[in-house]
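Under this note's numbering, the very last position in the sequence shown is 716; numbers go up by exactly one each time. The beta carbon of each residue, even a glycine, is placed where N, CA and C say it ideally should be. In what follows, a single structure is set out as structure tokens and then discussed.
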Amino acid sequence: MTQPTITTKLVRNGVPLALGAVVPVADDGTAVELTLPAGLELQAANLTVQVPDDSDPIALHSGATLIASTGAWSPASDLTWLTLDWGARRALVKLTVTLKAGAPATFLRLRVADAGPWLLATPAAIVPVTSLSASVQLPGLAASRLMIEPVTKPASPNSPEDYVPSASTITAVTLTGARRPPALTVSLAPATVVHHEAALLPPGASFNLREPLLAALRKQLPGRAGGTAQIVLRSPAAAELRKLSLTLSVRRSVTLWQSAGPELTLAVKPGVDATATAELTAHPLRFAVQLRPELRPELPPAVPSAPAQVSYAHRCGPDSMLAQAFRFASGGAMVGVDLWLAARTTAVRGELKILADERGAPGDAPLASVPVELADPGAGILGAYTWRSFDLPEAVMLASDATVWVALELAEGELLWALAQTPPGPVGPLLRRERAESWVPRDMTFGTGPSKPWAITRPRLRNDGPALPLQLQLQRSGVVMQVVADADGWVRLDAAGLAPLAVGPVDAPLTLVVRSPSEGRVILRDLLIELPVQSSSWSFTNPP
């Protein structure tokens, strides 16, 4: 049995992404697309996300717009402020500013902004200038704009706002930003938000999404239906993830019978095992199936099953009639008869009669009769034996301990009626009549010596009491276990109940054996075999 496989891929705008050292994310969304085959049920999910550290920052100044208090920035003009606008909110890493020789400013005051007003860049609002240069790390700050103001320190400043502007010439500016997302939203397409990380994550930080992600995935991929889902990651600005991985735990379930579907109809006959097989890939932990029998309301046969091989038979034809006696101690209602026959001619025509007993032989007046009309293209001297069933037009009521005869009379063609040694039970004498002469015993010698033979016949008596239960077995790896259906036809077993079958190869199939008390059919519905939970992980980065 081929195991269903979960497939995943990384996509952006519907286009698969090749694995790299990082995963790019932006406001258009990068998605982990997963396809869950039918028959698998999600049990656990974990999405691991890690942002990069700041060892390889982005040069924000390269693409930024620089505006000075005097207009367009010039590295040769004095200014009282200079702004950098790089267009999108981003975590800031480091600022380096160089002043022109002779510049009076001894400090720089820094402000940041997004779409709103300028705010002091606390805790780095005031940066000292040393040897005409200022350099500062900007941890925990994120913005889309930065303002630099050359200032001097007053005698007793109470706040950074007390520092005095001092026009100076800035000759060079370097500003770097993080590749980390300034914010990150994880959702399930199309619009189910699973997690929103509004605060700026520290360099190299990571987080895991478990229960919220599992709940969202189960809602979109319910039960064992399978399907496709997309886990989408969005950042308001182009950013990168150092690590992105997904782990899913699923329970594999078998819901189809081998070479069939979720529902299977078994033709059943008494004495013949009907089987249904399910292919497995692991030892089962739970089994459930509902059986709906649609059977003839008949009692189980009072005679043994037909032998696999027939060594003896009586040739029945227009010149040879055979009658088998039965006596049922409790009487009953005979509704049909089955004979173990093989056709020797392609066409057979005659009559099957149920006759009362008259002084130890079949009477003349039938209690019931059924036409015999068989067409068997495969008939011949080596024709195959099979049960031929004959339903009586009306039930024949049998008195307790009374003898009744089943007689076969042919007008055309020939049949072989299988013979065996007389079994215990209701089987009586066997008589034959040749060319309309008197009835005489049908004697013969078996391998063990002379014996009274039995023409293999299965009288069918009506069941006027409660329906009889099916006999059920589960078989696997040579182990046979009896099971019982409840009043609603369900067979349910948990892991403890299935423990005797958890032996041998893990991929050994499981077979349900049905033995019926009478002929008909049994419908198997809603098969469910649960297998152990299995986990799989996928990484969507491939670090160098």
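With a cutoff of 7 Å on beta-carbon distance, A680 and S649 are scored as near each other.
Short of 6 Å from the beta carbon of M616, and not among the five residues preceding or following it, lie these beta carbons of its own chain, in chain order: P625.
Around the beta carbon of R352, 16 or more other beta carbons lie within 10 angstroms, which makes this residue buried. According to DSSP, P337 shares a beta bridge with V323. Secondary structure at G669: helix, using DSSP grouped into helix, strand and coil. About 6 Å separates the CB atoms of L386 and L214; that is less than 8 Å, so the two are in contact. Taking C-beta atoms under 8 Å as the contact rule, A495 and P534 qualify, at a distance of about 5 Å.
Contact annotation: the segment 523 to 543 does not touch the segment 649 to 658, with fewer than three C-beta pairs closer than 8 Å. Taking every protein chain shown into account, the CB of P456 has 16 or more other CB atoms within 10 angstroms, so this residue is buried. Residue nearest to I342 within the set T252, P596, L673 and G398 is T252 (criterion: CA-CA distance). T517 sits close to E586, with the two beta carbons spaced by under 7 Å. Per DSSP, the unbroken alpha helix (DSSP H) holding R390 starts and ends at E383 to Q392. In this chain, the alpha helix (DSSP H) harbouring L232 covers L232 to G235.
By the criterion of a C-beta distance shorter than 6 Å, E691 is surrounded in its chain by K441 and R468, once the five residues flanking it on both sides are discounted.
Runs of the beta strand (DSSP E) lying entirely within the segment 595 to 641 and spanning at least 3 residues, in chain order: 599 to 606, 616 to 618, 621 to 623, 625 to 627 and 629 to 633. For A432, the closest of D510, I701, I298 and L696 by C-alpha to C-alpha distance is L696.
When the five nearest sequence neighbours on each side are left out, the beta carbons in the same chain lying within less than 8 Å of the beta carbon of G192 are those of T713 and N714, in order along the chain. With fewer than 16 other Cβ atoms from the protein chains shown falling within 10 Å of its own Cβ, H368 counts as exposed. In the three-state scheme derived from DSSP, where H, G and I count as helix and E and B as strand, P681 is classed as coil. DSSP, reduced to helix, strand and coil, places P332 within a helical segment of the structure shown. By the neighbour-count definition (other C-beta atoms within 10 Å, threshold 16), P465 is a buried residue. Counting only residues of its own chain and dropping the five nearest sequence neighbours on each side, R281 has a CB closer than 7 Å to the CB of A297, I298, E321, V323, P332 and Y335.
Rounded to the nearest whole angstrom, the CA to CA distance from E470 to N635 is 4 Å.
Spanning the alpha carbons of A397 and P631 requires a straight line of approximately 48 Å. With 16 or more other Cβ atoms from the protein chains shown falling within 10 Å of its own Cβ, V663 counts as buried.
V520: member of the beta strand (DSSP E) spanning A519 to E530, first to last residue.
Excluding sequence positions up to five before and after W589, its CB lies within less than 7 Å of the CB of A485, H486, C488, L494, L511, L513, L580 and A627, all in the same chain and listed in chain order. Counting the other CB atoms within 10 Å of its CB gives R414 a total of 16 or more, which places it among the buried residues. Fewer than three beta-carbon pairs drawn from the segment 444 to 460 and the segment 236 to 250 are found closer than 8 Å, and the two stretches are therefore not classed as touching. Note on Q222: 16 or more other CB atoms within 10 angstroms of its CB, so buried under the neighbour-count rule. Annotated three-state conformation of A674 is coil, per DSSP. Cβ-Cβ distances below 6 Å link S316 to A260, R261 and D286 in the same chain, with the five nearest sequence neighbours on each side left out; the list follows chain order. A571 carries a coil assignment under DSSP once its states are collapsed to helix, strand and coil. Comparing alpha carbon positions, the residue from P229, L463 and L524 closest to E412 is P229.
Between the C-alpha atoms of R390 and A448 there is a straight-line separation of about 31 Å. Distance between N185 and S340, taken at the CA atoms: about 48 Å.
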